[in-house]
Amino acid sequence: MAKECASLKLHRSSVTCCAFSPQDDVLCSGSLDLTLMLWRLSDGWSHRLRGHSGWVTCCSFNRQGSLLASGSADETLRLWDVEKMLREEAEESDGEHSLLLKGYGGSIRCCSFNSSGRVLCSGSTDETVRIWRVKDGKCVKVLREHAGWVLCCCFSPSSASLLVSGAADGGVCIWDIKIPEPCLKHIKSKKSMRSLRSSEVTCCAFHPDGKVFCVGGEDKQLRLLRVEDGEVVELLRCQQSVTGCAFQPGGGRVLASVEGSSLFGGHLLRLWKLRGGEGEEEGGREGEG
1 MAKECASLKL HRSSVTCCAF SPQDDVLCSG SLDLTLMLWR LSDGWSHRLR GHSGWVTCCS
61 FNRQGSLLAS GSADETLRLW DVEKMLREEA EESDGEHSLL LKGYGGSIRC CSFNSSGRVL
121 CSGSTDETVR IWRVKDGKCV KVLREHAGWV LCCCFSPSSA SLLVSGAADG GVCIWDIKIP
181 EPCLKHIKSK KSMRSLRSSE VTCCAFHPDG KVFCVGGEDK QLRLLRVEDG EVVELLRCQQ
241 SVTGCAFQPG GGRVLASVEG SSLFGGHLLR LWKLRGGEGE EEGGREGEG
């Protein structure tokens, strides 16, 4: 049974995203109050990050924990120097510790560092995935294949150039950004245009071995797909829309956050144990969301 160890309440509006740093006791949260918060759990230190002029929609640490990326409804991304902020231990920053990345024509919805930490990908309501060089914040590639808002993206843990993205049109793309024609596979939704809302892909995650990834969304399913050919290797039915997904670090289990089915809303976490490509549900836990 999980035990609550802290309640962190410095945001002035709803929290939209959060991420743990690989440095273990540092985490970040983003909010509709236009700010991010860095938290150090060991001593309770916190640091407010100002700079965005719109809702903060996503945040992600690099593998080293030295940089934080944030995306916003203001159509920009920012790269924050976490190491410097931790050293200085100030109470807040007004963007002076960040590099501004701009060029989008829509709200940023997702972002992810590659395994080397030198490249960042992001997705937006302008229906593109963009690839950014971290050292100078330059956009080096624009990936155009989706026909709807790009709602999720993530790099493979085993390849610095391989990523997947999912969109509101129900499509899933597998990309290799080191080749001239980067879209290796576009898995299109079979839904009709009239039922487009029910096909949205809202989350994606790679298995630690990099050979399989999962996607979930409004179709109430968590799909495990093979990177090599995009084929579905397992279909896990969730009864309600899937809002988030993650693999256990060892790869033996997959977790999904599912919209609550009760009259009072809330969310349900569903956990499956993976056995030779087959998923066996171990249980779920419901809570307020």
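Under full-length UniProt numbering, residues 1 to 289 are what the sequence shown spells out, in order. Glycine included, every Cβ here is placed at the ideal spot set by N, Cα and C. All values derive from a computational prediction rather than experimental measurement.
- For Lys84, the enclosing alpha helix (DSSP H) begins and ends at 82-88.
- Annotation for Cys173: Glu145, Ser165, Cys183, His186 place their beta carbon closer than 6 Å to its own, counting only its chain and skipping 5 residues before and after.
- Excluding its 5 nearest sequence neighbours in each direction, Leu34 has C-beta neighbours in its own chain below 7 Å: His52, Ser53, Gly54, Trp55, Val56, listed in chain order.
- For Arg50, no pairing in a beta bridge is given by DSSP.
- Here the stretch 132-151 makes no contact with the stretch 84-95; the two share fewer than three CB pairs at distances below 8 Å.
- Just so you know, the alpha carbons of Glu83 and Ala147 end up roughly 38 Å apart.
- Residue range 128-133 is occupied by the beta strand (DSSP E) that includes Thr128.
- Counting only residues of its own chain and dropping the five nearest sequence neighbours on each side, Leu38 has a CB closer than 6 Å to the CB of Cys28, His47.
- DSSP places Lys188 outside any beta strand (DSSP E), giving it a letter other than H or E.
- Between Gly170 and Ser124, the CB-CB gap reaches or exceeds 8 Å.
- A distance of 8 Å or more separates the beta carbons of Ser70 and Arg63.
- Non-local beta-carbon contacts of Cys238 in its own chain, meaning distances under 8 Å to residues more than five positions away in sequence, involve Gly216, Lys220, Gln221, Leu222, Ala256, Val258, Arg270 in chain order.
- Nearest neighbour of Leu10 by Cα position, chosen from Leu36, Leu235, Gly105, Val26, turns out to be Leu36.
- Inter-residue distance for Arg109 and Ala73 is about 8 Å (C-alpha atoms, whole angstroms).
- The beta carbons of Pro157 and Gly210 sit closer together than 8 Å.
- Contact between Leu151 and Val201 holds, with the beta-carbon distance rounding to 6 Å and staying under 8 Å.
- Beyond the five residues adjoining it in sequence on each side, Leu32 comes within less than 7 Å, by CB distance, of Ser13, Ser14, Thr16, Trp55 in the same chain, given in chain order.
- Look at Ser116 here: in three-state DSSP terms it is coil, with no helix or strand label.
- For Trp149 and Asp25, the gap between their C-alpha atoms comes out near 33 Å.
- C-alpha of Ala168 to C-alpha of Cys153: approximately 12 Å in a straight line.
- Taking the C-beta atoms as reference points, Lys273 is found nearer than 8 Å to Gly252.
- When C-alpha distances from Gly105 are compared across Glu234, Arg130, Pro22, the shortest belongs to Arg130.
- Runs of alpha helix (DSSP H) with 4 or more residues, each lying fully within the stretch 50-76, are absent.
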